[in-house]
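2 protein chains.
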Amino acid sequence: MKISVLGCGRWGTFHAWYANKIGHEVTLWGRNKSCRMAELMKTRKNEYLTLPEDIILTSDLKAALSGTDIIIISISAQQLRTFAHTIHDLGLSITAPFILCMKGLEIGSGKRLTTIMTEELGREVQTAVWVGPGHVQDFMQGMPNCMIMASSNIPLTHHLVDIFSSSLIRFYYGKDLLGIEIGAAAKNVIGIAAGMLDGAGLSSLKGALMARGTHELSVLIKAMGGNKMTVYGLSHLGDYEATLFSLHSNNRRFGEDFIQGKPFIKLAEGVYTTEALMELAGQLHVELPITHTIYEIVKNKKNPQEQLKQLFLRSTKVE
Amino acid sequence: MKISVLGCGRWGTFHAWYANKIGHEVTLWGRNKSCRMAELMKTRKNEYLTLPEDIILTSDLKAALSGTDIIIISISAQQLRTFAHTIHDLGLSITAPFILCMKGLEIGSGKRLTTIMTEELGREVQTAVWVGPGHVQDFMQGMPNCMIMASSNIPLTHHLVDIFSSSLIRFYYGKDLLGIEIGAAAKNVIGIAAGMLDGAGLSSLKGALMARGTHELSVLIKAMGGNKMTVYGLSHLGDYEATLFSLHSNNRRFGEDFIQGKPFIKLAEGVYTTEALMELAGQLHVELPITHTIYEIVKNKKNPQEQLKQLFLRSTKVE
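As structure tokens, then:
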């Protein structure tokens, strides 16, 4: 199979490496002026892995999109709309399915990433998502994991699972695309909350965070028309180990650094997701206490210790 | 309020310390010949805490049970039937409610601990359970947590929550006693599985373990007539941080040591719970893949690496 991977960050390079490893012909695209692509072209290495010589590296987007069977996109979620628009403007007739490998919701609109694809590329575009637990660092050490592939087209989902399954990654088929996208994005918010609890010396409350975090997202997903149980599967709860407990988790680390007043290079994706979820909560009149607390701390600079304790320890509740 | 705590192990002494701290008159009972009680009477200390002088220490069970308002039991789950029988044989007329603070199911019968209380002490006995996350070590350092109080008598549950709430422990009211007891006991089985994954270098699969572990117990609880959602609350999922990730967790440690062939002093409670759950699964014709795998490894000496990988990585599943 010919696989094109668009995006040459940590996950993009991993997906290229992985698709090559399991026997596919891989093209990896990165922006012309990107330092990362320049470095890969020079050394074929980044901090995480080395790309074999038979992976084609290119900065020609048209070339990467032409004559390929599957297109994997792995860029920042907030850049997807612009990027999809750019693809549209190339005027190619693309029949290959897209797989989105990032987790996020559009800030300002709260829209899902597959919705953005349809809006920018037309209703005939086929888009799946590939989410769930796993860190590049662990995969590169041979640690296997279970992930989830989902789309609104069941035969397509099965086709993609067949193509990408290996002893390193075992796929579950996802049926509730809406729930999976929301849950996958929202786990980064819970990850920030976990990091804040760690930073505040309240790690023991991560148990309550797991129980209440899944609950509040299940309410949101149900209000959006999805299945309230989806959040308890691999896309959200199944990603808690990697997000709430791993030292590799960017969002957890962001929360910990934020609360301890340490400098951070860039906002974690979960910060944008927090805003997008608040947008959705407003639209749907749903309460999201944990998300709201993170919003109050990060955006409105409320006192973190006070906010976190209030969240878990103030009132007695029926379960 | 007069509170008697029966059992002077790690949790029993903590409950005595805690009830005293929040202003109650406390009596702590331990067996006459128990080394722990002898040590406490001599030094008022154990490895975790120091008991204030105003806590009465006794080995006289009749005295501990007389003229008290609430009786907390914190002994090994497998000893409860014999212990309750001993209490019955004292021939006292006890009207004070009991609170059980341990997590387990009776091996051989799969029976819940509140059922054992009723069978041994009569239908008029009032029994609540106090479960959920928290480690004595963390509480003693002032780390707060959320826990859960449940009984089949709602006013009693509220009464007990009022008595035991503090800024250190915030209670949720539990409504589904059956689901709470099964979930609280079963989290120790998932804890052993987590330890085995840690010991096998497969910690990344703890995400999938959380998603699948909650699922299999929700199926069991539903088959038993409980609420399938209870398992996603504090009694089970909310206890995963303390059980699957904490270094203080005995069950996690047991799983890790077992798989690495290290000696262990005694079986973790989760081993008994595994047997009890297999008993229930057989009675109710429910499949419990994770519990079954732990059973195969611990009781039938099957190859752990093979069994664990087979559990998570063999077949592709719909979620």
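Here the protein sequences come in this chain order: W and V. Under this note's numbering, the first sequence has 294 at position 294, and the numbering climbs by one with no breaks. Under this note's numbering, the second sequence has 275 at position 275, and the numbering climbs by one with no breaks. Ideal Cβ positions, reconstructed from N, Cα and C, are used throughout, including at glycine.
Inter-residue Cα distance where the pair is residue i and residue j
i: W/GLY213; j: V/MET41; result: 44 Å
i: W/GLU53; j: W/TRP17; result: 11 Å
i: W/GLY67; j: W/LYS2; result: 8 Å
i: V/LEU156; j: V/ARG170; result: 17 Å
i: W/VAL318; j: V/ASN251; result: 28 Å
i: W/LEU288; j: V/LYS222; result: 27 Å
i: W/ALA208; j: V/ASP239; result: 8 Å
i: V/SER143; j: V/LEU168; result: Rather than Ser, the amino acid found at residue 143 of chain V in this sequence is Met. Distance between the alpha carbons of V/MET143 and V/LEU168 is about 7 Å.
i: V/HIS248; j: V/VAL286; result: 32 Å
i: V/LEU80; j: V/HIS292; result: 25 Å
i: V/TYR172; j: V/PHE264; result: 35 Å
i: V/ILE297; j: V/THR58; result: 42 Å
i: W/ASP69; j: W/ILE99; result: 11 Å
i: V/GLY282; j: W/HIS158; result: 34 Å
i: V/ARG123; j: V/ASN145; result: 33 Å
i: V/ARG31; j: V/GLN78; result: 16 Å
i: W/ASP176; j: W/ILE182; result: 10 Å
i: V/ARG314; j: W/LYS21; result: 20 Å
i: W/ILE71; j: W/ALA64; result: 9 Å
i: V/THR82; j: V/LEU280; result: 22 Å
i: W/LEU178; j: W/LEU220; result: 11 Å
i: W/LYS262; j: W/LYS33; result: 30 Å
i: V/LEU308; j: W/LEU308; result: 37 Å
Given residue i as reference, the closest of the options once Cα atoms are compared
i: W/ILE107; options: W/SER76, W/LEU92, W/ASP89, W/GLY261; result: W/SER76
i: W/GLY270; options: W/GLY110, W/GLN141, W/LEU311; result: W/GLY110
i: W/CYS35; options: W/ASN46, W/THR27, W/LEU205; result: W/ASN46
i: W/GLN126; options: W/ASN153, W/PRO133, W/GLN137, W/MET102; result: W/ASN153
i: W/MET37; options: W/LEU65, W/LEU51, W/CYS8, W/HIS24; result: W/CYS8
i: W/LEU267; options: W/LEU217, W/ASN303, W/ILE192; result: W/ILE192
i: V/GLY104; options: V/ALA63, V/LEU277, V/LEU61, V/PRO133; result: V/LEU277
i: W/ILE294; options: W/GLN310, W/GLN283, W/LEU284; result: W/GLN310
i: V/THR115; options: V/LEU90, V/ALA84, V/GLY134; result: V/ALA84
i: W/THR86; options: W/ARG112, W/GLU39, W/MET117; result: W/MET117
i: V/MET102; options: V/ILE290, V/GLY134, V/GLY261; result: V/GLY134
i: W/GLU275; options: W/ASN188, W/LEU177, W/GLY261, W/ILE259; result: W/ASN188
i: V/GLY339; options: V/GLU39, V/ILE55, V/LYS33; result: Any question about residue 339 of chain V goes unanswered here, given that chain V covers just 1 to 319.
i: V/ALA184; options: V/LEU280, V/ARG123, V/LEU113, V/GLU124; result: V/LEU113
i: V/LYS299; options: V/LEU178, V/THR273, V/THR82; result: V/THR273
i: W/GLU216; options: V/VAL219, V/LEU220, V/GLY233, V/SER218; result: V/GLY233
Proximal residues to residue i (C-beta, below 7 Å), its chain only, five neighbours per side dropped
i: V/ILE180; result: VAL129, VAL131, ILE148, ALA150, GLY174, THR230, SER235
i: W/LEU237; result: THR214, VAL231
i: W/THR50; result: ARG44
i: W/LYS302; result: GLU296
i: W/ALA320; result: Because chain W in this structure spans residues 1 to 319, residue 320 of chain W falls outside the shown range and cannot be described.
i: V/PRO304; result: MET196, ALA200, ILE259, ILE297
Sheet register partners of residue i (DSSP bridge)
i: V/ARG112; result: V/LEU105
i: W/TRP29; result: W/LEU6, W/THR58
i: V/GLY174; result: V/ALA150
i: W/ASN145; result: W/ILE169
i: V/THR50; result: V/LYS45
i: V/ALA128; result: V/ILE99
Sequence-distant residues of its chain with Cβ nearer than 8 Å to residue i (five each side left out)
i: V/TYR48; result: ARG10, THR13, PHE14, VAL136, GLN137, MET140
i: V/GLU306; result: none
i: W/ASP60; result: TRP29
i: V/GLN260; result: GLY199
i: V/ILE290; result: VAL189, ILE190, ALA193, LEU209, ARG212, GLY213, GLU216, LEU311
i: V/GLU39; result: LYS45, ASN46
Same chain, Cβ closer than 6 Å to residue i, neighbours up to 5 away in sequence not counted
i: W/LEU6; result: TRP29, ILE73
i: V/ALA19; result: ILE3, VAL26
i: W/HIS88; result: GLU120, LEU121
i: V/LEU90; result: LYS62
i: W/ILE190; result: GLY213
i: V/LEU160; result: ALA128, MET149
i: W/LEU284; result: ALA223
- Task: Report yes or no: do three or more beta-carbon pairs, one from the segment 194-212 of chain V and one from the segment 152-168 of chain V, lie closer than 8 Å?
- Result: In this structure the segment 194-212 of chain V does not lie against the segment 152-168 of chain V, because fewer than three pairs of beta carbons, one per stretch, are closer than 8 Å.
- Message: Between the segment 90-100 of chain V and the segment 198-206 of chain V, can you find at least three pairs of beta-carbon atoms closer than 8 Å?
- Response: Between the segment 198-206 of chain V and the segment 90-100 of chain V there are fewer than three inter-stretch CB-CB distances shorter than 8 Å, so the stretches are not counted as touching.
- Touch check for the segment 240-256 of chain W and the segment 217-230 of chain W: three-plus C-beta pairs under 8 Å? No, because fewer than three Cβ pairs between the segment 240-256 of chain W and the segment 217-230 of chain W fall closer than 8 Å, the two stretches do not touch.
- Taking one C-beta from the segment 250-259 of chain W and one from the segment 191-199 of chain W each time, how about it: are there three or more such pairs within less than 8 Å? The segment 250-259 of chain W vs the segment 191-199 of chain W: in contact.
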